[in-house]
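Each residue of the sequence shown is one higher than the one before, starting from 0 at the first, in numbering that gives the first Met the number 0.
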Amino acid sequence: MGMMEDLRMADTMALLDRAVAALRTQGRRQRAYWEYYEGDQPLLYVTESVRNYFRSRARSQLRFVENWVSVVVASVLERIHLQALHHTNPKVDAVLQRLLAEGDVVGLSYDVHEQALATGEAYLIVWPSLTDMQQRMPRPFFQVPGSVVALVDNEDATRMVAAAKWWKDSEGFVRLTLYTPEALYRYRSRARAAGSDSGEDITDARAFAPYGTETAPAVEANPTGRLPVVRFQTHKAAATPEYLKAAPAQDMLNKTLADQMVTGEWGAFPQRYIVTNADLSQLESKPAGLWEIPAGVEGVEPTKVGQFDPADLSNYTKVIEHFVAAIAAISRVPSYYLRAGGETPSGEALRLMDSVLVHRAKARMAAFAPAWKQVARLMLAFEGVQADLADLQVEFADPAVTFPDKVADARAKNRQAGMPLTSILREEGKPEAFIRQVQDDLLEERQEASLEAGLAQLLAGRAE
């Protein structure tokens, strides 16, 4: 038994080593992706003299940013709406709906999808928590970017074997929790963290020691036997933000914007000059002021007064528009998302331009659906209900732009061709709950019509 415990401890320490290394690298990269998406973008290609100029004028942070990559993310994000999660068994589904409502899973989905699109991945930790009624109920916990990493199988990069989370507590220590299917292992740094971010000065696992409290022991058994951390990914190969390919164009756009602002600082207004030997120390520039400049004396260069033309800032605007168009083309976002002016596209043109965006949104929905099934399965497992992923259904809203007249016309033609109404509604992407309600309404209508027909026949017989 002692040997087994030693082996288990060695495996745990190996996972802890991997966790610290991953949190330092993957976690830092994820935070950088999120900050870039939020608009905290490093200003590249700017000379040090320009930086010093603005620092000397109490502008310590030189930031000229037009954050177009956020529009790239938003164009896909606003097409992805989680509508429902269901289980095929009505009794199990009733339990699931109660858990989903308590955990506000549908409301939480927007933040999860946003983070996954902006950084390439997002995490939910499913674990019981106390409700207002002091009952322990499983719920998903949203995690900030960079605080959680997945530890994958060395031979199968798509399979998570463990996960880790770290954060700085109120006392300044770094706390780390290692999640496995068997248990949760909690640690705390031996010394207070010097930096402002979690673990930025921690280099290896030896900086941590097991740590527990009365409510959160150092080792806590996992009753489900499943890893309680779910990862949402846009791509299986690597964490790839939606905007990554367009980031170089965004950097060049920011550089051009900085040039425009610097030019505006120095040359956007007319600048006047005076060539004279006279004393100009008393001249003052003010509205309605009058300058009296003596003429040059005989034998020297005469006094000259002139004006330099202001810089034409529209030259920069044209270059910025070029990079905006480049961002749209590289990221495959319809131009009307990033174009401020121009004509509004017609309905048919809108559908054609949206086809690529709709295809991408559907691809992201297909990538997120298995993760949402895992969330539902974990929540049920904590309630003692075992569920297969095949029995769980994820419903997203249709990402395509719909036109009611087109939908109604297509629906009528399909009905004329003999296609059942329920099949038509499923093809349109309607939720199963909506389809069931339509079926119930149709059944009720038939029953009412049958009752009315029978009543009419009865009244007609009496009249005869």
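Even for Gly, the Cβ is constructed at its ideal location relative to N, Cα and C.
A buried status is given to W67, since no fewer than 16 other beta-carbon atoms sit within 10 Å of its beta-carbon. DSSP, read as helix, strand or coil, puts G102 in helix. Leaving aside the five residues that flank V147 on each side, the residues in its chain whose CB is nearer than 8 Å to its CB run, in chain order, G26, Y122, I124, A162, A163, K164 and V228. V173 is positioned such that its CB atom lies closer than 7 Å to that of K167.
The three-state secondary structure of M136, taken from DSSP, is strand. Less than 7 Å divides the Cβ of Y36 from the Cβ of A117.
Comparing C-alpha distances from L22 to each of K372, G145 and T212 shows the shortest one belongs to G145. Taking the Cβ atoms as the reference, Y335 lies roughly 24 Å from Q259, outside the contact range of under 8 Å. About 5 Å separates the CB atoms of Q82 and E394; that is less than 8 Å, so the two are in contact. With a cutoff of 7 Å on beta-carbon distance, V357 and P419 are scored as not near each other. Contact between G211 and R191 does not hold, since their C-beta atoms are separated by about 19 Å, which reaches or exceeds 8 Å. F367 sits buried, since 16 or more C-beta atoms from the chains shown fall within 10 Å of its C-beta. Going by beta carbons, P240 and F268 fall outside the 7 Å limit. Here the stretch 248 to 267 makes no contact with the stretch 277 to 296; the two share fewer than three CB pairs at distances below 8 Å.
By the CB criterion at 7 Å, L391 and H86 fall inside the cutoff. Looking only at V261, E213 and Y109, the smallest Cα-Cα distance to V45 is reached by V261. For the options G263, E297 and K303, the alpha carbon positioned closest to that of I273 is the one of K303. Only buried fits K372, as 16 or more other CB atoms lie within 10 angstroms of its CB. Collapsing the DSSP output to three states places Y186 in a strand. Assignment of beta-bridge partners to S108 by DSSP yields no partner.
Straight-line measurement puts the Cα of S330 at about 18 Å from the Cα of V318. DSSP links T176 through a beta bridge to K164 and R185. Per the coordinates, the alpha-carbon of G106 lies some 11 Å from the alpha-carbon of F141.
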